[in-house]
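Undergrad: So the sequence shown is numbered by the working numbering: it starts at 180 and just counts up by one. Quick reminder that beta carbons are idealized off the backbone N, C-alpha and C, glycines included.
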Amino acid sequence: MFLSKEEERMLRGDYGEAVSEAMKIIVKVGEALSAERLIPVTHAHASGISYGTIGEPGLYWLKSLGDRGAKVRIFSTVNPIGMDIDDPHKIPVGREFYEKQIQVLESLSRMGFRITVTCTPYYIRSPKVKEHLAWGESSAVAYANSVLGAYTNREGGMLTIAAAIVGRTYYGGMHLDENRVTKYKVTVKGIVDPTEWSAIGLEVGEIVGGNVPRYINAPGNELSVKLMLAASAASGSVALSVIEGLTPNGTYHIGDEEKIELGRDSIEKYFGNLEDAELIFHGCPHSSLEELEYLNSRIKEVSGKREVWIATSPHVYSLAEGRGTVRELERKGVKVVKGTCSVVTPLEKLGFRRVATTSAKTYFYLKRKGLDVWLVRLSDIKEVI
Ligand code: F3S
């Protein structure tokens, strides 16, 4: 692989052991994928930092990087963790998990990561068209490539941390125009609700795998797009979906396409009754301010028969707090959880077995954890829930 003089110095250890180790990770992955060189990146987003995911070996590695003086070179943010970031009682994960999770955050903060704990880093800093990134959260990667026209692969957590330290990643995959080529043309009929679009994303991901689909009649609002992209990134590792009229021109090419047609019939199997759930969950990916305000306008009371969680980032939470939205939702009995979600928190240990959600990505992962889970339409969220 070709390396610039500066990159060679990093690899050799001229900037210290931690920088050298980070550079070795990037180069090794790049070589394995036949990348010819590296590309500077402006924003790294580290995923997999819930203690439940990273565990003791990951925590040890983060601490050792910090001990060896590792610092981030670029704007660097982090994904959600396994508990509410400020209130350990809101989701009672246990003392040991709590303490270890705090150590993970302290290690990242010491290196200069911003403790954003969100899967929607684009609400904090929106990348420009054709900006190269090293992001590790699949839903955010899909949003960055498909909606914002940025260029990023779906990186592993370790690589994103290494990329933050050296400010580069390998030049391959979605960083190359030649790989941003559509393979499927998707026509969708009769879909209205954001959760229905989410289910469409789940179906599309299963059909296209890691290829690029092109949607002809795209969902008409940001929430539907966000939910749909997150779901297809989960079921099929789709990093880029072209959405006609939305994806910036010049960031993709149209290739030889197979046709896919989907409608309500294709997704009805995922839906169930709201009343049967012990937990209703919205906020995957993390809710925007508009979503919190919409749900606040819908819900009048949580009946006590079930819990209702809405997940968001600390950033959006503080905006919603300033407008009184969080206080109103919590007075009605809704738990507004920040910096976490029902997937990265150890939900199964909290005693929930039956979960209804507006997100097909949550559906996909909770099903794999063995929970009884189904979808509910956002428009089905009632006054008394
Ligand atoms: Fe975010 Fe958790 Fe969903 S990290 S994308 S809310 S699974």
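(1) Does the Cβ of N258 lie closer than 7 Å to at least one heavy atom of the ligand F3S?
(2) What I want to know is whether the C-beta of G173 ends up closer than 7 Å to one or more non-hydrogen atoms of the ligand F3S.
(3) Is any heavy atom in the ligand F3S found nearer than 7 Å to the beta carbon of S318?
(4) Let me confirm a value: L312 is counted as buried when at least 16 other C-beta atoms fall within 10 Å, else exposed. Which label applies?
(5) Touching or not, the region 397-410 and the region 330-341, by the rule of three or more beta carbon pairs under 8 Å?
(6) Verify the contact flag: Y544, CB atom, against every heavy atom of the ligand F3S, threshold strictly below 7 Å.
(7) Between the alpha carbons of A211 and G335, how many angstroms are there, rounded?
(8) Compare the beta carbon distance of W553 and F450 with 8 Å and say whether it is the shorter of the two.
(9) If you scan the region 458-502 from start to end, which runs of the alpha helix (DSSP H) of 4 or more residues do you find wholly inside it?
(10) When the Cα of M337 is compared with those of M180, V516, G346 and I228, which residue comes out closest?
(11) Between which two residues does the beta strand (DSSP E) carrying I439 extend?
(12) Runs of 4 residues minimum, wholly inside the region 521-552: which ones carry the alpha helix (DSSP H) assignment?
(13) If you draw a straight line from the alpha carbon of T366 to that of E437, how long is it in whole angstroms?
(14) Identify the residues that DSSP records as bridge partners of V516: which are they?
(15) Any heavy atom of the ligand F3S closer than 7 Å to the beta-carbon of K540?
(16) Pop quiz: T524 and G195 are said to be a contact at Cβ under 8 Å. What is the actual Cβ separation, rounded to whole angstroms?
(17) Does the beta carbon of G384 fall short of 7 Å from some heavy atom of the ligand F3S?
(18) Within 10 Å of its beta-carbon, does S317 have 16 or more other beta-carbons around it, so buried, or fewer, so exposed?
(19) At what residue ranges does the region 234-299 contain a whole run of the beta strand (DSSP E), taking only runs of 3 or more?
(20) Check whether the Cβ of T462 sits closer than 7 Å to any heavy atom of the ligand F3S, and report yes or no.
(21) Is it buried or exposed, G501, if we count other Cβ atoms within 10 angstroms and call 16 or more buried?
(22) Contact defined as beta carbons within less than 8 Å: I believe V220 pairs with R359. What is the distance between those atoms, to the nearest angstrom?
(23) Since A223 sits in a beta bridge, which residues does DSSP pair it with?
(24) Please give me, in chain order, every unbroken run of the alpha helix (DSSP H) with length at least 4 that falls completely inside the region 323-397.
(25) Express the C-alpha separation of I439 and D266 in angstroms, rounding to a whole number.
TA: Walking through what the data contain:
(1) As a first step, residue 258 is located in the sequence shown; it is residue number 79 there, counting from the start. It does: the Cβ of N258 is within 7 Å (strictly closer) of some heavy atom of the ligand F3S.
(2) Shown here, the chain extends from 180 to 564; a query on residue 173 therefore has no answer.
(3) One-based indexing of the sequence shown puts residue 318 at position 139. Checking every heavy atom of the ligand F3S against the Cβ of S318, one is found closer than 7 Å.
(4) Counted from its first residue, the sequence shown places residue 312 at position 133. Looking at its Cβ environment, which holds 16 or more other Cβ atoms inside 10 Å, L312 is buried.
(5) no
(6) As a working note, residue 544 is residue 365 in the sequence shown. Yes - the ligand F3S has a heavy atom lying nearer than 7 Å to the Cβ of Y544.
(7) Numbered from 1 along the sequence shown, position 32 holds the residue referred to as residue 211. Numbered from 1 along the sequence shown, position 156 holds the residue referred to as residue 335. Cα to Cα, A211 sits roughly 14 Å from G335.
(8) The residue given as residue 553 occupies position 374 in the sequence shown. The residue given as residue 450 occupies position 271 in the sequence shown. Contact: yes.
(9) 468-477 and 493-501
(10) Reading the sequence shown from its first residue, position 158 is the one you call residue 337. Closest by alpha carbon: I228.
(11) Within the sequence shown, numbered from 1, the residue matching residue 439 stands at position 260. Its beta strand (DSSP E) spans residues H432 to L441.
(12) 539-547
(13) Taking the sequence shown and counting its residues from 1, the one referred to as residue 366 is at position 187. Taking the sequence shown and counting its residues from 1, the one referred to as residue 437 is at position 258. If I take the Cα positions, the gap works out to 11 Å.
(14) Taking the first residue of the sequence shown as 1, we reach residue 516 at position 337. Looking at the DSSP assignment, V516 forms a beta bridge with A490.
(15) What you label residue 540 is simply residue 361 of the sequence shown in a count that begins at 1. Yes; taking the cut-off as 7 Å, the Cβ of K540 has a heavy atom of the ligand F3S nearer than that.
(16) Here residue 524 corresponds to residue number 345 of the sequence shown, with the count starting at 1. Here residue 195 corresponds to residue number 16 of the sequence shown, with the count starting at 1. That belief does not hold up - the Cβ atoms of T524 and G195 are roughly 36 Å apart, past 8 Å.
(17) Numbered from 1 along the sequence shown, position 205 holds the residue referred to as residue 384. Outside the cutoff, so no.
(18) Sequence index remark: in the sequence shown, residue 317 carries index 138 (1-based). Classification for S317: buried.
(19) 254-257
(20) As a first step, residue 462 must be located in the sequence shown, where it is residue number 283. Here residue 462 turns out to be Gly, not Thr, going by the sequence shown. Yes.
(21) Here residue 501 corresponds to residue number 322 of the sequence shown, with the count starting at 1. With fewer than 16 Cβ atoms within 10 Å of its Cβ, G501 is classed as exposed.
(22) The count along the sequence shown starts at 1 and reaches residue 220 at position 41. The count along the sequence shown starts at 1 and reaches residue 359 at position 180. Their Cβ separation, rounded to whole angstroms, is 17 Å, which puts V220 and R359 out of contact at 8 Å.
(23) Stepping through the sequence shown from its first residue, residue 223 is reached at position 44. Answer is S255 and A313, bridged to A223.
(24) 336-345 and 373-387
(25) In the sequence shown, counting from the first residue as 1, residue 266 sits at position 87. In the sequence shown, counting from the first residue as 1, residue 439 sits at position 260. The alpha-carbon atoms of D266 and I439 are separated by roughly 45 Å.
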